[in-house]
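Protein sequences, first through last, are from chains A and B. Residue numbers are given in our numbering: position 5 of the first sequence equals residue 4, and the series is strictly consecutive. Residue numbers are given in our numbering: position 31 of the second sequence equals residue 35, and the series is strictly consecutive. Ideal placement from N, C-alpha and C gives every residue a C-beta, glycine not left out.
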Amino acid sequence: MNPFQFTRVTTPKAAISAVTKESGTYFLAGGTNLIDLMKREVILPERLVDINRLPLATIEKTATGLRIGAMAKNAAVADNELVKKHVPLLSQALNAGASAQLRNMATVGGNMMQRTRCPYFYDPSMPCNKRSPVQAGPDKGRANGPSGCGAIGGHNRMHAIFGASNKCIAVHPSDMCIALVALDATVNVSGPKGDRTIPFSEFHRLPGDLPQKDNTLLPGELIMSVDLPTNRFADNSYYLKVRDRASYAFALLSVGVGIDMKRGTIQDVRLAMGGVAHKPWRLTAAEAFLKGKPATEANFKQAATLAMQGAKGYGENDFKLTLAPNAIVDALKTATKTA
Amino acid sequence: MNDTENLDSELGNSTSSRRIFLKQSSALAALAMTPPTAVAAVNTGIQEKIATALEQMPLRLTINGKVQQLSIEPRVTLLDLLREQLHLTGTKKGCDHGQCGACTVHVDGARVNSCLTLAMTTEGCTVTTIEGLTVGDPATTLLHPMQEAFIKHDGFQCGYCTPGQIMSAVACIREGHANTPEEVREYMSGNICRCGAYANIVNAIMDVKKKGARV
Ligand SMILES: Cc1cc2nc3c(=O)[nH]c(=O)nc-3n(C[C@H](O)[C@H](O)[C@H](O)COP(=O)(O)OP(=O)(O)OC[C@H]3O[C@@H](n4cnc5c(N)ncnc54)[C@H](O)[C@@H]3O)c2cc1C
Ligand code: SF4
Ligand code: FES
Ligand code: FES
């Protein structure tokens, strides 16, 4: 690992000013992604600001739902009684990710900020626009290895079928984020210019011409907490993760479902997919179709067809064009207990 | 130009190319490999920038019941600290990237991958490794019930993954995640065994759990 300077902070203010002061400074939370990327020389920080002592790990009930601190560990959130009762989808999604050890280390903020698992991104000898943007320079990212996209026309089994660009077809790898986007979460951030709230669906972005930018967080901004509004989905929630082995593997794709059911009819529904796009992918057209309809396989199939509009394979990942609609139908059946 | 001056000029170049970065990191790695006294001697002659980069920072933590007052480089992982500096080689390095669980230790009671834990983040923490699973003189102390069970059930072949498996297994029971073989398989999935001793590992854990021994 490259040498770097290390500072420990105890207040969000000190954390924000430390990363704002000098470029090449990164927050260090659980380290499960950042330290890995530093060992591979994908990211070469000059300074790390250890934010593990910030008092941001509480999980509490608010007037409008739940608030989860950015430094809460993934395992603590997954096992929290409030979370299991009010947002079981989040608990399921978290437990589907990584391993017990990693979930003890990983934080909510770090999970949102984790980088793609595209193998080209991970190998600085390979071309990658995300790691090494075409136009390197201030705000455009820093050159580290050749640019280009190795995955387009290369090995892209894990890659996107929605919203990709000709610069990047990577996916966001988080399971937790699929639950958060489905549950209409909002993200509270604090930065050098003050505090703001970002709807979860606008936190991550599509690659477009700036694949180096994963999200809409501004330089120096610190994720403080995530808010989850009260919902009626707790009884009919399901997180389906399809992967190459039974556990401890990233999703080929995943489906998060929350349904408000009354006497076999879908009053309201939230649907999102992971492993299919550069951001957690909300299936709004399918949701709109299912609202007010009876929970039948025919309706689920119709919803899946709507969800797949605009999907595009890149070769090795063409199987996702079949796997995705099947997974949507499967997840809906399980969530509505009509399987 | 001597080596030190070379390093100076390369570090001074803020838009270092990857090639230079590689050279720079291997040069620094070489420095890191030399004993601390030698580093200190070299340090006096080199530019401030490198000195800062190689700066040793104080770290105080409790490892296996013993308070340790150390001085380390910020980039040292907990795994490397345990193995290279404290010679606690029971904790193994498998992948060094969080993918195998061989490096599993307990930090403040929680099982973690020590290969992805920067040692500096454990300031003030309590660390337990396989060597500290039972307290007392290793010559006379009995094995931990989980160690006994791994022997009884043949929960290993080469043994390389075993310290990590055992640390993980103990935590798995303490967390309350060892109620069924299915649950054990899921919650032990962060520990890979190349020899494939999985079936026996699950048997060992279920045995300890059923007997209700204090872990
Ligand atoms: C072997 C392995 C398997 C995995 N499998 C899965 C999986 O199946 N599913 C899954 O979802 N994930 C998986 N992960 C990824 C894991 O979930 C992430 O590494 C973890 O969530 C990152 O959190 P962290 O706290 O460790 O972040 P860090 O590594 O500390 O930080 C990651 C990034 O986030 C930034 N950051 C951290 N906190 C904040 C904050 N509060 N505000 C602003 N920026 C911040 C850091 O600067 C850094 O750039 C896996 C990881 C490994 C190593
Ligand atoms: S898909 Fe994105 S991350 Fe992967 S090689 Fe292409 S540009 Fe890089
Ligand atoms: S050595 Fe740490 S998980 Fe493999
Ligand atoms: S016993 Fe050989 S790797 Fe597990």
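Scanning chain B for C-beta atoms nearer than 9 Å to the C-beta of A:I58 yields nothing, as the closest lies near 16 Å away. Taking a cut-off of 8 Å for Cβ pairs, the stretch 279-296 of chain A and the stretch 91-105 of chain A do not touch, as fewer than three such pairs fall below it. Take the alpha-carbon of A:G255 and the one of B:H91: they are about 46 Å apart. By the criterion of at least three beta-carbon pairs nearer than 8 Å, the stretch 68-81 of chain A is not in contact with the stretch 34-45 of chain A. Excluding the 5 residues flanking it on each side, B:F154 has same chain C-beta neighbours closer than 7 Å at F160, T166, I170, A208, in chain order. Short note on B:A106: C-beta closer than 6 Å to some heavy atom of ligand 3. By the beta-carbon neighbour count (other beta carbons within 10 angstroms, threshold 16), B:G128 is exposed. Counting only unbroken stretches of 4 or more residues, the alpha helix (DSSP H) elements lying wholly within the stretch 242-308 of chain A are 283-289, 296-306, in sequence order. Classified as exposed, A:Q266 has fewer than 16 neighbouring CB atoms from the shown chains inside 10 Å of its CB. For B:M124, at least one C-beta of chain A is nearer than 7 Å to its own C-beta. A straight-line Cα-Cα distance of about 7 Å links A:L216 and A:F202. Using a 10 angstroms sphere on the CB of A:D243, the tally of other CB atoms stays under 16, which defines it as exposed.
Look at A:N325: its C-beta is not under 7 Å from any C-beta on chain B.
By the criterion of a C-beta distance shorter than 8 Å, B:M210 is surrounded in its chain by A182, P185, V188, once the five residues flanking it on both sides are discounted. The way I'd put it, the stretch 198-213 of chain A does touch the stretch 119-136 of chain A; three or more beta-carbon pairs between them come closer than 8 Å. One thing to note: A:T31 has its Cβ no nearer than 7 Å to the Cβ of A:A17. DSSP assignment within the stretch 99-184 of chain B yields the following whole beta strand (DSSP E) runs of 3 residues or more, N-terminal first: 108-111, 114-117, 130-132.
The contact set of A:K83 on chain B, defined by CB atoms closer than 7 Å, is empty, because the minimum CB distance reaches about 13 Å.
At a beta-carbon threshold of 7 Å, the residues of chain A lying near B:S193 are S98, S246, Y247, ordered along the chain.
From the listed residues B:R115, B:C119, B:N204, the smallest Cα separation to B:I177 is found for B:R115.
For A:S224, the enclosing beta strand (DSSP E) starts and ends at 221-228. Against chain B, the CB of A:I34 has a partner CB under 7 Å away; the residue lies at that interface.
In this chain, the beta strand (DSSP E) harbouring A:D194 covers 193-198. Under DSSP, A:T6 forms a beta bridge with A:V48. Per DSSP, A:M125 lies in no alpha helix (DSSP H) and is assigned neither H nor E. When Cβ pairs closer than 8 Å are counted between the two stretches, the stretch 124-139 of chain B is seen not to touch the stretch 115-127 of chain A, the count staying below three.
For A:N155, no Cβ of chain B is located within less than 7 Å of the residue's own Cβ.
Listed along the chain, the chain A residues whose CB falls inside 8 Å of the CB of B:D100 are K38. If you compare the alpha carbons of A:S246, A:P87, A:A163, A:R195 with that of A:G312, the shortest gap goes to A:A163.
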